[in-house]
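A quick write-up on the structure given underneath.
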Amino acid sequence: MIVVNLDVVMAQRKIGLSELAEKVDITQANLSILKNNKAKAIRFSTLEAICKALNCQPGDILEYADN
Numbered sequence: 145m146i147v148v149n150l151d152v153v154m155a156q157r158k159i160g161l162s163e164l165a166e167k168v169d170i171t172q173a174n175l176s177i178l179k180n181n182k183a184k185a186i187r188f189s190t191l192e193a194i195c196k197a198l199n200c201q202p203g204d205i206l207e208y209a210d211n
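Residues in the sequence shown are numbered from 145 upward in steps of one, following my numbering.
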């Protein structure tokens with residue numbers, strides 16, 4: 145299972161959902177789905193934009209968890 149730790153990285157960077165959504169050019173609703181671990185997929189272009197906005201690596205956001 146892939147776990148999305150976007151909320152953790154956002155908290156570390158002190159950035160809110162609306163501000164990140166604006167920087168990444170994604171709707172708050174879609175970003176919320178991703179943040180709350182409800183997304184089934186993510187485009188590399190979206191992941192790249194999130195990493196650029198948060199100054200992080202994909203591995204900071206995505207984690208593999210063996211259930």
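For every residue, glycine included, the Cβ atom is placed at its ideal position computed from N, Cα and C. Keep in mind it's a predicted model, so treat the numbers as computed, not measured.
Task: Same chain only: Cβ atoms within 6 Å of residue 194, ignoring 5 sequence neighbours per side - done: 168
- [ ] Look at the alpha carbon of residue 180 and the alpha carbon of residue 204, and state the distance between them as a whole number of angstroms.
- [x] Distance between the alpha carbons of residue 180 and residue 204 is about 15 Å.
Task: Exposure label - residue 145; buried when at least 16 CB within 10 Å - done: exposed
Open item on the list: Less than 7 Å between C-beta atoms, sequence neighbours within five positions excluded: which residues of the same chain meet that for residue 176?
Closed with: Counting only Cβ-Cβ distances below 7 Å, and skipping sequence neighbours, we find 161.
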